[in-house]
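K.L.:
Residue numbers (our numbering), protein chains in the order written: chain A, 126 to 414; chain B, 218 to 569; chain C, 6 to 328. Even for Gly, the Cβ is constructed at its ideal location relative to N, Cα and C. Dumping the structure here so I can ask a few things about it.
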Amino acid sequence: MTEKKRKAVGVSMWKLTWRRFRKNKLGMAGLVMLCIIVMVAVLAPVIAPYSPIEQHLEDRLQPPSPKYLFGTDELGRDIFSRVLYGSRIALSVGVLVALISAAIGVTLGLVSGYYGGIVDEVIMRIVDIVWSFPSLILALAIVSVLGPGLINAMIAIALTMWASYARIVRGETLSVREEPYIEAARAIGESDIRILFSYILPNVMSSILVLITYNIPSAIIIASSLSFLGLGAQPPTPDWGLMLSTARTYLTIAPWYSIFPGIAIMFTVLAFNFIGDGLRDAIQPERVG
Amino acid sequence: MVRDDLIIVKDLKKYFPIRAGLFGTKGVFVRAVDGVSLTIKRGETFGLAGESGCGKSTFARLLLRLIEPTAGKVLFDGIDLFSLSKKELRKLRRRMGIVFQDPKSSLNPRMTIYNILKRPLEIHGIGSSKEERLNMIIEILEKVGLGEEHLNRYPHELSGGQQQRVSIARAIITKPDFVVLDEPTSALDISVQAQILNLLVKLQREFKLTYLFITHNLMVLQYISDRVGIMYLGKVVEIMNTRDELNLGKVYHPYTAFLMLSIPAVDIRERRRDKIIVPGEVPSSINPPTGCRFHPRCPFAKEECKSKEPPLLEIRRGHYVACHFPSITEEKLTPYVEERMESIRRLLRGGS
Amino acid sequence: MNNEILLKIEDLYVNFRTDEGIAKVIDGISLSIRYGEVLALMGETGCGKSTVAKSILRLLPKNAEVRGKILFKGTNLLDLPESELRKIRGKEIGMIFQEPLTALNPVFTIGNQMSEMFKIHKLRIKRTIQEEVIELLKNVRIPDPQRRYYSYPFELSGGMRQRVMIAMMLAGRPSLLIADEPTSALDVTIQAQILKLLMDLRNKYNMSILIITHDPGVVAEMADRVAIMYAGQIAEVGPVRDIFLNPQHPYTRGLLRALPLGHKEERELENIPGRVPNLINPPPGCRFHPRCPYAMERCRKVKPKPVVISDEHYVFCHLLGGE
């Protein structure tokens with residue numbers, strides 16, 4: 126009888142955020158850009174005319190032409206195909222690093238903010254130490270200990286990035302902890318773990334999400350920088366940073382070699398930053414109202 | 218055996234340390250609750266009133282052991298609340314509930330109404346199947362004046378009054394004995410306040426609930442409570458029956474009298490330009506005044522009041538006052554309070 | 006009190022442009038305040054009472070559209086250029102708010118901020134500015150004013166801060182004081198002190214006061230006349246005594262009967278069923294009709310005109326006649 130009524134579905138905070146996000150032109154542009162990048166990454170084998178590591182030694186350092194859309198590199202590899210495949214590496218590096226560092230930082234931040242006391246002191250001092258180094262320098266130091274390679278570079282970047290999650294989540298936890306609905310949860314007998322993960326985490330999630338969208342491009346840039354310095358992805362991986370690094374030598378005679386990977390990095394970084402800005406603006410009004 | 222007294226509070230104290238300077242606490246405390254003893258009878262509404270900072274909300278949280286006391290004892294239906302283990306306490310929470318002042322922030326904004334109401338049932342293992350729990354939730358929603366159509370709504374989609382109804386539903390869905398209502402209508406408009414007060418009275422009768430009703434609104438206090446306690450700076454200064462004492466204006470502590478006289482005269486004929494107003498402000502509870510804590514504001518204070526703390530004594534059956542000279546109040550202030558309360562009754566009768 | 010009109014609001018409409026549409030917050034209200042009179046604007050959350058107060062001083066946010074006239078001593082404030090209006094704000098018309106802490110600058114001392122008032126409005130003074138300020142602090146019965154002159158806002162209690170705000174507004178000797186929920190954040194004993202202070206100052210300076218409140222108690226204590234607002238319309242206006250003892254509008258009646266007077270064992274409180282309408286799509290005609298037990302066909306279509314009950318007591322309700 127009231128089957129229809131029971132199905133009346135409420136509008137969650139996420140839906141409200143999405144409605145506001147949709148009105149943000151730059152944010153939507155970022156989302157469209159991201160969709161393009163993801164499609165490129167998924168469809169790379171279909172779109173790419175050549176394999177990214179296939180060498181055409183007779184066609185070295187060719188300028189852009191119908192045969193090689195973005196030209197070729199010093200080994201005659203098709204830059205267009207390499208840029209396409211590079212998106213796979215960039216995206217996975219960005220997303221994986223952001224997720225790993227979020228997992229570490231969020232857990233520590235929640236514990237730190239909820240329990241306070243000595244636990245909080247210790248975690249926050251470690252955060253201070255990590256924060257006192259520029260990310261790239263710290264990542265460099267860690268990689269030089271772990272040894273070069275893409276996986277090691279990702280671990281190193283994640284180890285420099287978790288601290289910002291820990292700090293932000295701790296701050297938010299401190300304020301959410303004081304909300305009456307947390308006290309209400311304790312009054313009905315909820316356990317600490319449950320309060321942390323079902324009550325506090327969902328309410329700090331929006332800030333975490335914004336931070337993730339900002340951290341993905343930073344991770345991509347740092348990973349590219351490490352590759353550029355020879356500490357990240359190793360040849361012949363079609364990594365944008367690595368491409369830039371070798372392109373440097375040929376900058377005057379083959380400018381296309383550095384321009385296209387450069388544009389690819391910029392495009393990806395901008396996409397995430399636009400989304401981040403849009404998301405931040407879409408989330409904030411509900412705090413005020 | 219059913220005990221007559223559901224809650225017995227003995228010399229309850231809660232001091233909050235203040236962090237002063239770099240080296241942490243230095244023995245400086247806010248004495249939020251400073252030696253309160255009282256009993257709450259089964260099935261009654263005990264109203265607790267006082268101005269901000271008097272410790273009434275801290276007291277409420279102690280009664281549910283949401284915070285740990287500095288000293289003292291609370292017996293909940295004969296069970297020593299502060300000797301319970303964490304596990305035993307969680308189990309006992311089924312028998313108590315709380316409703317807060319701000320309806321919006323007392324509900325988790327990321328949970329639907331269904332999920333908010335489902336949790337107490339799950340925690341305490343009430344209901345054996347999903348279906349059964351759903352039916353219990355719908356039943357309680359209807360009891361508080363909402364319906365199935367609200368199940369999948371989020372708190373922000375409801376009005377303040379509806380949010381407060383959900384909070385009440387959450388507090389009573391486990392069929393508790395005791396519910397603390399911490400200023401449940403202070404954030405609401407008058408017409409919504411009336412709906413919520415009516416609902417609370419109805420639910421109390423139906424489920425035989427015992428209420429501790431905390432408020433700073435004396436009109437609400439004298440309407441809803443069966444007995445009242447007045448708090449000032451962490452102490453209870455007067456306890457009395459509502460209908461045949463407070464509502465008739467028979468109060469014997471000067472502070473209570475001043476509070477009652479500050480109820481604005483809704484009956485316009487009672488407006489006097491030379492109003493009786495208590496001077497000064499509530500002092501800090503970090504260094505409360507010696508002797509009677511009200512003495513710096515009391516127009517009748519004598520030497521004795523500055524040095525000796527008045528005990529809470531029964532001056533009539535069930536009427537307790539902590540004042541050295543209740544007869545002065547009786548002579549100088551009580552007649553005005555009686556007049557004020559009489560004018561309200563006259564207004565209600567609609568007579569002239 | 007003389008009978009001359011100090012402030013006259015004529016046919017005021019205020020719309021707010023929002024994401025969801027245009028909110029018709031004030032729907033054509035007219036009011037007047039005489040010299041030395043205390044007029045209360047009473048209503049529940051969202052009835053538009055604060056919007057009326059803010060439109061007098063043109064303090065509304067940018068997304069507001071205001072139509073109508075607000076005549077202050079004969080000048081239409083809505084037409085005045087901003088520079089002229091600034092001379093009136095804080096001098097001719099003072100305003101105090103619910104939370105004085107937000108209205109005071111936390112980094113300046115009380116004396117500093119109050120002295121500014123004299124400088125901005127180039128007020129004539131008999132003594133040094135400091136002496137004038139201390140005199141004002143004495144007027145609002147702040148204990149130890151010499152010391153308080155050097156205090157910062159956070160060092161004062163809520164009641165003291167409200168006194169400072171009042172003192173600040175007194176500097177310009179305003180003829181009108183707008184008090185927007187001045188005691189809602191205060192404890193009852195402090196509320197009583199502030200209300201008494203306001204009444205004493207009214208008598209001393211012969212100010213008019215427009216008090217915005219949701220609390221019938223405050224109205225009964227202070228006001229000469231009261232206008233009851235509902236959803237951007239005026240329901241009833243008249244002398245406080247007439248409205249409280251002989252309310253005519255179904256909304257006013259409901260509101261007064263909802264007050265928790267008496268005891269639960271003796272009476273159940275009256276309910277006004279339903280809830281306040283959405284002002285983006287307000288009900289046509291009388292905006293109270295969806296909640297009114299006596300609503301008639303006409304109430305759904307025609308906005309009611311004032312019906313005279315007695316002398317100054319007007320009700321906007323079709324039940325009580327009209328054409």
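Using the beta-carbon count (16 or more within 10 Å), is C:V112 buried or exposed?
P.N.:
Position 107 of the third sequence, counted from the first residue, corresponds to residue 112 of chain C. Looking at its Cβ environment, which holds fewer than 16 other Cβ atoms inside 10 Å, C:V112 is exposed.
K.L.:
State buried or exposed for A:L376, treating a residue as buried only when at least 16 other CB atoms are found within 10 Å of its CB.
P.N.:
Numbered from its first residue, the first sequence carries residue 376 of chain A at position 251. A:L376 comes out exposed.
K.L.:
Using a Cβ-Cβ cut-off of 6 Å (strictly less than) and excluding sequence neighbours within five positions of B:L375, which residues of its own chain qualify?
P.N.:
On the second sequence, residue 375 of chain B is found 158 positions in, with the first residue counted as 1. Around B:L375: no qualifying Cβ.
K.L.:
Got a sec, what are the start and stop residues for the alpha helix (DSSP H) C:T194 sits in?
P.N.:
To locate residue 194 of chain C, count along the third sequence from 1; it is residue 189. Looking at the DSSP string, the run of the alpha helix (DSSP H) that includes C:T194 is V193 to Y210.
K.L.:
Could you confirm whether any beta carbon from chain B is found closer than 8 Å to the beta carbon of C:H268?
P.N.:
For this step, residue 268 of chain C is matched to residue 263 along the third sequence. Interface residue, yes.
K.L.:
Between C:L161 and C:G95, what straight-line distance do the alpha-carbon atoms span, to the nearest angstrom?
P.N.:
Within the third sequence, numbered from 1, the residue matching residue 161 of chain C stands at position 156. Within the third sequence, numbered from 1, the residue matching residue 95 of chain C stands at position 90. Approximately 22 Å between the Cα atoms of the pair.
K.L.:
Out of B:A518, B:I493 and B:S442, state which residue places its alpha-carbon closest to the alpha-carbon of C:K269.
P.N.:
Translated into the one-based positions of the third sequence, residue 269 of chain C becomes position 264. Nearest C-alpha to C:K269: B:S442.
K.L.:
Could you compute how far the alpha carbon of A:I345 sits from the alpha carbon of A:R302?
P.N.:
Counting from one through the first sequence, the residue named residue 345 of chain A turns up at place 220. Counting from one through the first sequence, the residue named residue 302 of chain A turns up at place 177. One C-alpha to the other measures close to 34 Å.
K.L.:
Helix, strand or coil for C:P244? Go by DSSP, reduced to three states.
P.N.:
In the third sequence, residue 244 of chain C corresponds to position 239, counting from 1. Note: C:P244 maps to strand in three-state DSSP.
K.L.:
Could you please tell me which residues of the stretch 265-294 of chain B, in chain order, have their CB closer than 7 Å to any CB of chain A?
P.N.:
Against chain A - using a Cβ distance shorter than 7 Å - the residues of the stretch 265-294 of chain B are L281 and L283.
K.L.:
Apart from the five residues just before and just after C:E9, which ones in its own chain have a Cβ nearer than 7 Å to its Cβ?
P.N.:
Counting from 1 along the third sequence, the entry for residue 9 of chain C is found at position 4. If we look at C:E9 and ignore the five residues flanking it on each side, its Cβ neighbours are R39 and Y40.
K.L.:
Mind pulling the chain C residues with CB within less than 9 Å of B:M448?
P.N.:
For this step, residue 448 of chain B is matched to residue 231 along the second sequence. Ordered by position in chain C, no residue passes the 9 Å Cβ test against B:M448, which lies about 12 Å from the chain.
K.L.:
Count the other CB atoms, across all protein chains shown, that sit within 10 Å of the CB of A:S343; report buried if there are 16 or more and exposed otherwise.
P.N.:
Locating residue 343 of chain A in the first sequence gives position 218, where the first residue counts as 1. When all chains shown are included, A:S343 counts as buried.
K.L.:
Does the Cβ of A:Q359 have 16 or more other Cβ atoms within 10 Å, making it buried, or fewer, making it exposed?
P.N.:
Along the first sequence, one-based indexing puts residue 359 of chain A at 234. By the neighbour-count rule (16 or more Cβ atoms within 10 Å), A:Q359 is not buried but exposed.
K.L.:
If you compare alpha carbons, which of B:P372, B:L265, B:P234 and B:A386 is closest to B:L432?
P.N.:
Here residue 432 of chain B refers to the residue found at position 215 when the second sequence is read from its first residue. Checking the sequence shown, residue 432 of chain B turns out to be Thr, not Leu. That would be B:L265, whose Cα lies nearest to the Cα of B:T432.
K.L.:
Does the beta carbon of B:F424 come closer than 8 Å to any beta carbon on chain A?
P.N.:
On the second sequence, position 207 is the one that residue 424 of chain B refers to. Taking Cβ atoms only, chain A never reaches closer than 8 Å to B:F424, which makes this a no.
K.L.:
When the Cα atoms are used, what is the spatial distance from A:L336 to A:F146?
P.N.:
In the first sequence, counting from the first residue as 1, residue 336 of chain A sits at position 211. In the first sequence, counting from the first residue as 1, residue 146 of chain A sits at position 21. Looking at the two C-alpha atoms, the distance is approximately 16 Å.
K.L.:
Quick one: what does DSSP say C:S37 is sitting in, helix, strand or coil?
P.N.:
Within the third sequence, numbered from 1, the residue matching residue 37 of chain C stands at position 32. In this structure, C:S37 counts as strand in the three-state DSSP scheme.
K.L.:
Using the beta-carbon of each residue, which ones in chain C are nearer than 9 Å to B:R460?
P.N.:
Counting from 1 along the second sequence, the entry for residue 460 of chain B is found at position 243. What B:R460 touches in chain C: H268, E270 and E271.
K.L.:
Between B:D294, B:R387, B:C509 and B:G272, which lies nearest to B:V316 when the distance is taken from Cα to Cα?
P.N.:
The residue labelled residue 316 of chain B in the question sits at position 99 within the second sequence. Nearest option by C-alpha distance: B:R387.
K.L.:
Should C:I195 be flagged as near chain B, meaning a C-beta pair shorter than 8 Å?
P.N.:
Within the third sequence, the letter at position 190 stands for residue 195 of chain C. Output row for C:I195: interface = yes.
K.L.:
Identify the contact partners of B:H433 in chain C, using a Cβ-Cβ distance below 9 Å as the criterion.
P.N.:
Here residue 433 of chain B corresponds to residue number 216 of the second sequence, with the count starting at 1. Simply D192 and V193.
K.L.:
Taking the DSSP output, what are the residues bridged to B:G314?
P.N.:
Stepping through the second sequence from its first residue, residue 314 of chain B is reached at position 97. Answer is B:V396, bridged to B:G314.
K.L.:
How would you label A:R144, buried or exposed, when you count the other beta carbons within 10 angstroms and need 16 or more for buried?
P.N.:
Taking the first residue of the first sequence as 1, we reach residue 144 of chain A at position 19. Burial call: exposed.
K.L.:
Could you give the residue range of the alpha helix (DSSP H) that holds A:S352?
P.N.:
If you number the first sequence from 1, residue 352 of chain A lands on position 227. Where A:S352 is concerned, the enclosing alpha helix (DSSP H) stretches over L326 to F353.
K.L.:
What are the start and end residues of each continuous alpha helix (DSSP H) run of 4 or more residues lying completely inside the stretch 470-539 of chain B, in chain order?
P.N.:
Listed in chain order, they are 471-478 and 520-524.
K.L.:
Would you say A:R144 reaches chain B, if we count a Cβ-Cβ gap shorter than 8 Å as a contact?
P.N.:
The residue you call residue 144 of chain A lines up with position 19 of the first sequence. So, not an interface residue.
K.L.:
Determine which residues of the stretch 468-479 of chain B have a Cβ less than 7 Å from any Cβ of chain C, and write them out in chain order.
P.N.:
Against chain C - using a Cβ distance shorter than 7 Å - the residues of the stretch 468-479 of chain B are F475, L476 and S479.
K.L.:
The stretch 300-314 of chain A: which residues have C-beta closer than 8 Å to a C-beta of chain B, in chain order?
P.N.:
So the close ones are E304, P305, Y306, E308, A309, A310, R311, A312, I313 and G314.
K.L.:
Could you tell me which chain C residues have their CB closer than 8 Å to the CB of B:I441, listed as they occur along the chain?
P.N.:
Within the second sequence, numbered from 1, the residue matching residue 441 of chain B stands at position 224. P265 and K269, listed in chain order.
K.L.:
For B:N464 and chain C, any beta-carbon pair shorter than 8 Å?
P.N.:
The sequence position of residue 464 of chain B within the second sequence is 247, counting from 1. Taking Cβ atoms only, chain C reaches closer than 8 Å to B:N464, which makes this a yes.
K.L.:
Give the DSSP-derived three-state secondary structure of C:E9 in the structure shown.
P.N.:
Within the third sequence, the letter at position 4 stands for residue 9 of chain C. Three-state result, C:E9: coil.
K.L.:
Just to make sure I have the definition right: I need the residues of chain B whose C-beta is within less than 9 Å of the C-beta of C:K74. Which are they?
P.N.:
Start at 1 with the first residue of the third sequence, and residue 74 of chain C comes out as number 69. Result: empty, since nearest Cβ-Cβ is about 30 Å, beyond 9 Å.
K.L.:
If we require 4 or more residues per run, which alpha helix (DSSP H) segments fall completely within the stretch 411-462 of chain B?
P.N.:
Entirely contained in the stretch 411-462 of chain B, the alpha helix (DSSP H) runs reaching 4 residues are, in chain order, 435-441.
K.L.:
Measuring straight from C-alpha to C-alpha, what distance separates A:N328 and A:V136?
P.N.:
Mapped onto the first sequence, residue 328 of chain A falls at position 203. Mapped onto the first sequence, residue 136 of chain A falls at position 11. Between A:N328 and A:V136, the C-alpha separation is close to 16 Å.
K.L.:
For C:H318, name the three-state secondary structure that DSSP assigns.
P.N.:
Your numbering for residue 318 of chain C matches position 313 in the third sequence. Strand.
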